[in-house]
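A short worksheet on the structure shown next.
Residue numbers (my numbering): 102 to 355.
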């Protein structure tokens, strides 16, 4: 049995960080505060600020029905800028890919803590989990940075009349959703690097390529294997052959 539980503590923390990052990524996808849209005319937009997300635009109003007025943004709408349309697709892919990364990470950590024998599977699962974490971070990072750049450039959006929002705001501000999403992407990258840096997986890769069959110097088996073999070789031959204890035989005869 291969005991590797002491080698996977960092990867366990990486799995926890990846799971938290996945939850934050889902929250970022649904938040409206990607852009804070400041307007001059407060006759309809009573708060003077509208929240523009990737799925809808909302603001508070005392004129329109309901305290909060929201209109949906669809990828098929012609007025929706390309960075928002891309964000709708990539953020959904990030959520799906993050789920697959967490499942792979859980399988990899289980293989370490329960000391399974199959080294090749350990290597492949760790590489898969790390790659999926990095891919998830990339999927979420691209739309977040793109939309943040559009906000800093004060890009306009030609909203239809039913949105009650001007095409050009007085000023724009980066919303809290972008900051939260960037933090989640950073956690995803850290988790991916932790899984890809699992040293025993790469030791197994090098040893399989150079040695072929497993030997007693396998990195995964550790020094205890050699120590146990040496200890067994030093035992008396009678013990190794399983001979009876002479003292027991004398007592039995008497």
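All residues carry an ideal CB built from backbone N, CA and C; glycine is no exception.
Every value quoted in this text rests on a predicted model; they were computed, and no experiment measured them.
Contact defined as beta carbons within less than 8 Å: I believe residue 138 pairs with residue 187. What is the distance between those atoms, to the nearest angstrom?
That pair is no contact at about 19 Å.
Burial state of residue 224 (16 or more Cβ within 10 Å):
The residue in question, residue 224, is buried, as its Cβ has 16 or more Cβ neighbours within 10 Å.
Beta-carbon separation (whole angstroms), residue 198 vs residue 236, contact threshold 8 Å
5 Å
Mind checking which residues open and close the alpha helix (DSSP H) that includes residue 200?
183-214
Rounded separation between residue 256 and residue 269 - CA only:
8 Å
Residue 134 burial status per 10 Å Cβ neighbour count (16 or more: buried):
buried
For a quick check, are the C-beta atoms of residue 278 and residue 154 less than 8 Å apart?
yes
Since residue 282 and residue 129 should fall inside the 8 Å C-beta cutoff, what is the C-beta to C-beta distance between them, to a whole number of angstroms?
Contact between residue 282 and residue 129 holds, with the beta-carbon distance rounding to 4 Å and staying under 8 Å.
In whole angstroms, what separates the C-alpha of residue 293 from that of residue 122?
12 Å
Do residue 115 and residue 296 have their beta-carbon atoms positioned less than 8 Å apart in this structure?
yes
Residue 280 by DSSP, collapsed to three states: which one?
Secondary structure at residue 280: helix, using DSSP grouped into helix, strand and coil.
Take the Cβ of residue 166 as the centre, count every other Cβ of all protein chains shown within 10 Å, and call the residue buried at 16 or more, exposed below.
exposed
From residue 143 to residue 158, what distance separates their C-alpha atoms?
16 Å
To the nearest angstrom, how far is the alpha carbon of residue 280 from that of residue 240?
Residue 240 has its alpha-carbon roughly 15 Å from the corresponding atom of residue 280.
Once DSSP output is grouped into helix, strand and coil, what is the label at residue 150?
Reduced to three states, the DSSP call for residue 150 is strand.
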